[in-house]
Each structure stands twice: as structure tokens, then as C-alpha cells.
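Shown next, in C-alpha cells, is the structure this report addresses.
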Amino acid sequence: MSSRVRFMLGIVFSGLTLGLLPGCSDNSAAEPPREKVRWASLRVQLASGEPQTGFVPMTDEAGRTVHVGGDVIFDERDLVAARALHARDGSVVELEFTRPAAARLAEVSEANLGALLAFVVEGRLVNAPKIVSRIDGGIAYLSANLDRDAAEKLARRIHPPEPAQAAGGTSDRPRAAP
943 MSSRVRFMLG IVFSGLTLGL LPGCSDNSAA EPPREKVRWA SLRVQLASGE
993 PQTGFVPMTD EAGRTVHVGG DVIFDERDLV AARALHARDG SVVELEFTRP
1043 AAARLAEVSE ANLGALLAFV VEGRLVNAPK IVSRIDGGIA YLSANLDRDA
1093 AEKLARRIHP PEPAQAAGGT SDRPRAAP
């Protein structure tokens, strides 16, 4: 079993043990969860439209190829929430970052104006928008031409594994290695 799979299983089992997942309660350990939840891995990395040393080419569903850097700036543990938002012209997934990650997002975006920010979910490039300004407020959007159902499913899959973060807390878990 790969270390990534073991890590993801550890998150799920930790959530079950602590009664944090939907359908679980802290006083009914013998009761199975109502819904099996598998959190999707999310990586946010710098990217470029041109080949660069140490960057790996990735192609999104629309056929656009970008070159993604090796350093993971954010992952699913840096999120407070992932929500699908809908409008007449399509749907997006709103990613809300923890306070420490929001500060990092502002710094990274300001230092890398003109670069791309790749959002990789379970090893697949979902979106790589160009950074056009400093991103304040800790909110980013995945707008990869998603229909309503796809946006809802994606938001549910990358929702953060620790609901306690919604209160503004941070994870005590060490960051994943790139």
C-alpha cells in the first residue's frame, strides 16, 4: 500500500475514531458511519505555460498543458471549506483557506504575479489560472468549466478532513512532503 493511500486512510480512520465524520457520534462507537467518505487529495502548486527545470507537464480536461512545479504550496489540510457556487454562466468551486494558509496565499500570489497557480486533485490538473494580483481574503476559485453536478461532487470530495478548522483553527498534523 502506498504511503499516500496509508495517509488518506489515516485521515478517515482518525475522523471515525474522533467521531468527526458525518454520521458518526462520539458516544456510539459500535454504530457504523452512515456514509463512507474518502477525501480527495488536493495540491496547489506554482506552474508555468513554458517548460522549466523541475516542472512536470500536466494536461487538463480541456487539453491545455501547463508545467507544474514540484513544491506543494497548499494541500487539502489547508482548507476550511470547499463549496460549489452556481450562476447562469456556470459553476465554480470556492476554496476557503485557513488563516495561516490565507496569509501564505497572499504572500505567494504577490511574489509570483504572472505565474500560474495549478490546482491538482487526485493527480489530475483541474485548473491553472494566471495570478493577476495579490489574493487577499483566503478565497480561491476552481472554474474549470464545471457543470452544477461536477462542481457539487468536486466540492464534496475536497472538503477539509478536520471540521474543527472551520472555527479558524489550524491543523496540528505535519505538512505533507512534496
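For the numbering used here, count along the sequence shown from 1 and bump the result up by 942. No residue lacks a Cβ here, since even glycine has one placed at the ideal position from N, Cα and C. Remember, it's a predicted structure, so these values are computed and weren't measured experimentally.
Residue i (DSSP reduced to helix, strand or coil)
{"i": "S983", "result": "coil"}
{"i": "P1071", "result": "coil"}
{"i": "E1036", "result": "strand"}
{"i": "L1055", "result": "coil"}
{"i": "R1025", "result": "strand"}
{"i": "A989", "result": "strand"}
{"i": "A1045", "result": "helix"}
{"i": "R1098", "result": "helix"}
{"i": "A1093", "result": "helix"}
{"i": "R1076", "result": "coil"}
{"i": "R1006", "result": "coil"}
{"i": "R1066", "result": "strand"}
Beta-carbon proximity of residue i to residue j, cut-off 8 Å
{"i": "A1043", "j": "D1020", "result": "yes"}
{"i": "L1067", "j": "V1034", "result": "no"}
{"i": "V1063", "j": "I1100", "result": "yes"}
Option nearest residue i by Cα separation, candidates the options
{"i": "A989", "options": "A1092, L1058, R1076, D1002", "result": "L1058"}
{"i": "E1094", "options": "P993, G991, G1032, A1004", "result": "G1032"}
{"i": "H1009", "options": "G1065, A1092, F997", "result": "F997"}
{"i": "L984", "options": "E1003, G1011, A1060", "result": "A1060"}
{"i": "D1017", "options": "T995, V986, S1075, A1004", "result": "V986"}
Close-in-space but distant-in-sequence residues of the same chain around residue i (CB under 8 Å, 5 per side omitted)
{"i": "A1007", "result": "It is Thr, not Ala, that sits at residue 1007 in the sequence shown. Closer than 8 Å at Cβ, skipping near neighbours: P999, M1000, T1001."}
{"i": "N1054", "result": "L988, I1073"}
{"i": "R1025", "result": "V1035, E1036, E1038, A1097"}
{"i": "G1065", "result": "S983"}
Close beta carbons around residue i, own chain, < 7 Å, minus the five adjacent residues each side
{"i": "E1038", "result": "L1021, V1022, A1023, G1080, I1081"}
{"i": "I1077", "result": "L1047, A1048, S1051"}
Spatial neighbours of residue i in its chain, beta-carbon cut-off 6 Å, leaving aside the 5 residues before and after
{"i": "L1027", "result": "V1034, E1036"}
{"i": "R1090", "result": "H1028, S1033"}
{"i": "A1086", "result": "V1068, N1069"}
{"i": "P993", "result": "H1009"}
{"i": "L1088", "result": "S1033"}
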